[in-house]
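Visitor: Can you read through this structure? Questions will come right after.
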């Protein structure tokens, strides 16, 4: 769906670069990771992008990283269960749900292995050595000084890239490079 259009690596590079650009300009890790994939892979959906905006900063609580949730939404757009799938048998509906759950779980396990945790709070603490709060001005300065914004760009860009590759290969191995 994405990597096979034009040249695979070229499209993945575009997704990675677009994610960096969007996050630097607009912030909001979840929305920017999803939007990068949507734009480059020609699967734009304003309502889905709007829905992703509330997931930034680990759903606003430091829980699951927004870069991961936004990228997971892109996978769900392709592999997920539609409302129309609920009109079939229970078994068919559950199978369709599993078809989305597996690539998302694979992405999450890759993410955990790559970055050490799926939680925003843990990623920030591990990188900066302390949990800092962006709403406190002097802590926001430290966040900038320590380069957390750049670290978040890296995480979002690499995760969006991997999710874009998984649009064509949902069973991508945990050690396979993209």
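Residue numbers (this note's numbering): 2 to 179.
The beta carbon of each residue, even a glycine, is placed where N, CA and C say it ideally should be.
#1: Taking C-alpha atoms, which residue in 44, 32 and 98 lies nearest to residue 69?
#2: For residue 29, which of helix, strand or coil comes out of DSSP?
#3: What number of angstroms, rounded off, separates the C-alpha of residue 173 from the C-alpha of residue 95?
#4: Does DSSP put residue 7 in a helix, a strand or coil?
#5: My parser needs the beta strand (DSSP E) runs of 3 or more residues fully inside the stretch 15 to 79; what are they?
#6: Run the CB neighbour count on residue 162, radius 10 Å, all protein chains shown included, and call it buried at 16 or more, exposed below.
#7: Just the C-alpha distance for residue 77 and residue 154, rounded to the nearest angstrom, thanks.
#8: For residue 6 and residue 12, what's the separation of their Cα atoms in angstroms?
#9: Using the three-state DSSP reduction, which class does residue 170 fall into: helix, strand or coil?
#10: Are there three or more Cβ pairs, one per stretch, closer than 8 Å when the stretch 119 to 132 is compared with the stretch 99 to 107?
#11: Which of the three DSSP states is assigned to residue 134 in this structure?
Guide: The relevant details are as follows:
#1: Indexing the chain shown from 1 puts residue 69 at position 68. Ranking 44, 32 and 98 by Cα distance to residue 69 puts 32 first.
#2: For the purposes of this step, residue 29 is taken as residue 28 along the chain shown, with counting starting at 1. Coil.
#3: Sequence index remark: in the chain shown, residue 173 carries index 172 (1-based). Sequence index remark: in the chain shown, residue 95 carries index 94 (1-based). Between residue 173 and residue 95, the alpha-carbon positions lie close to 22 Å from each other.
#4: Translated into the one-based positions of the chain shown, residue 7 becomes position 6. With a pLDDT of 44 at residue 7, under the threshold of 50, the modelled position of this residue cannot be trusted; read the value that follows with caution. Residue 7 falls in the coil class under three-state DSSP.
#5: The qualifying runs do not exist here; there are none.
#6: For this step, residue 162 is matched to residue 161 along the chain shown. By the neighbour-count rule (16 or more Cβ atoms within 10 Å), residue 162 is buried.
#7: As a first step, residue 77 must be located in the chain shown, where it is residue number 76. As a first step, residue 154 must be located in the chain shown, where it is residue number 153. Whole-angstrom Cα-Cα distance: 22 Å.
#8: Along the chain shown, one-based indexing puts residue 6 at 5. Along the chain shown, one-based indexing puts residue 12 at 11. Only weak support exists for where residue 6 lies, its pLDDT of 47 falling under 50; the value from the coordinates is given anyway. Residue 6 and residue 12: Cα-Cα distance of roughly 7 Å.
#9: Working through the chain shown from its first residue, we reach residue 170 at position 169. It is coil, neither helix nor strand.
#10: The way I'd put it, the stretch 119 to 132 doesn't touch the stretch 99 to 107; fewer than three beta-carbon pairs between them come closer than 8 Å.
#11: Against the chain shown, residue 134 aligns to sequence position 133. DSSP, read as helix, strand or coil, puts residue 134 in coil.
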